[in-house]
Amino acid sequence: MKKIIVAIDGYSSCGKSTIAKQLAKYAGYTYVDTGAMYRAVALYAIENLGNLGNLECLESLEYLETHIHLSYAPDLCLNGTPVEDKIRSLEVGNMASKISPIPAVRQFLVAQQQAMGQQKGIVMDGRDIGTVVFPNAELKFFLTASPEVRAERRFKELQAKGEQPVFEEVLKDVNERDYRDTHREISPLKQAPDAIVVDNSNMTREQQMEAIYAIFDRHNR
Ligand code: DC
C-alpha cells in the first residue's frame, strides 16, 4: 500500500498528540510530535541559558547545531538524555512559546522534520506542518476546540501529574499561547486551505478517532 504524509495542526491542548499517536498506530506509521522538539529546545534554554534572558544565542543556527542534539531512542532525547518527563510542565510550555518564533530555531527544527518525512509513512503534529514543513502532505487535519474545553483538559492533565493548577491561570495561559501562536511573524498557526477541520469540543475521543480513521482509509483506497 502506498505511504503518505499526514499533517496534523491545531491549537494547544486540542489532543493533537494523542490523536496523531493513535492514527500512526492504526496506520503503522511513524509518529513525530514537533511540539516536543520545541519543548526540548526550551528545556535546553531553561537549563543552560537562564530562564529570563540570554536567549540571543538561539538566534544562531551554528550555535543550535553545535549545542543541541535531538535523537529518538525511541523517546525524545536532548543531548543523549531522555526528556519526555521534563518537557510537559507549564514552565517549559511557556518557554517553548517564547523560543518558537526565533527564525533560527524554526530553521533548525523544520530541516530535521522534513528529513524525517523523506520516506513518507509519517504522522506529524504541530502548528505549521501542513503549511510550512509539508505543504504537499497528502492528508492534512486542523484540530480545534473551545479555549474553555482545552483549559479543562490541560487542568486535569496537570492535576494528574501532581501539580496544583488554578483553572483561571490555565485558561489565561491557553488564551495567551493561542494569541502568540497565531500572531507571530514566522509560521503562525493557521489552517492550510486544503486541511480538514475537526472541532472536537463536543466529541468523545472514540467518535473523533472513528471519523479520522475513516478519512485516512478513504485517502488510501
Ligand atoms: O504542541 P505543544 O504545546 O507541545 O507546543 C509547544 C510550543 O511549541 C507551542 O508554543 C507552539 C510551538 N510549536 C511550534 O511553534 N511549531 C510546531 N510545529 C510545534 C509547536
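Numbering (this note's numbering), first residue to last: 7 to 227. Yeah, the Cβ is synthetic: ideal placement off N, Cα and C, and Gly gets one too.
- Rounded to the nearest whole angstrom, the CA to CA distance from glutamine 118 to serine 18 is 22 Å.
- Spanning the alpha carbons of lysine 27 and leucine 55 requires a straight line of approximately 32 Å.
- When secondary structure is reduced to three states using DSSP, leucine 70 falls in the helix class.
- In the structure shown, isoleucine 11 falls within a strand segment according to DSSP collapsed to helix, strand and coil.
- Distance from the C-beta of methionine 122 to the nearest heavy atom of ligand 1 is not below 8 Å.
- Put simply, the segment 149-158 does not touch the segment 44-54. Fewer than three CB pairs are less than 8 Å apart.
- Under the DSSP definition of a beta bridge, phenylalanine 147 partners with Ile14 and Ile202.
- Valine 204 has its Cβ no nearer than 8 Å to any heavy atom of ligand 1.
- Taking C-alpha positions only, lysine 126 is separated from glutamate 174 by approximately 41 Å.
- CA-CA distance, glutamate 216 to glycine 136, rounds to 22 Å.
- Under the DSSP definition of a beta bridge, cysteine 83 partners with Ser77 and Pro88.
- Taking 8 Å as the cut-off, one finds at least one heavy atom of ligand 1 near enough to the beta carbon of tyrosine 44.
- In the three-state scheme derived from DSSP, where H, G and I count as helix and E and B as strand, aspartate 187 is classed as helix.
- Ranked by Cα distance from serine 193, the options Arg160, Val180 and Gly132 are led by Gly132.
- In terms of side-chain proximity, the C-beta atom of isoleucine 14 is found no nearer than 8 Å to any non-hydrogen atom of ligand 1.
- Glutamine 120 and arginine 224 have their C-alpha atoms roughly 25 Å apart.
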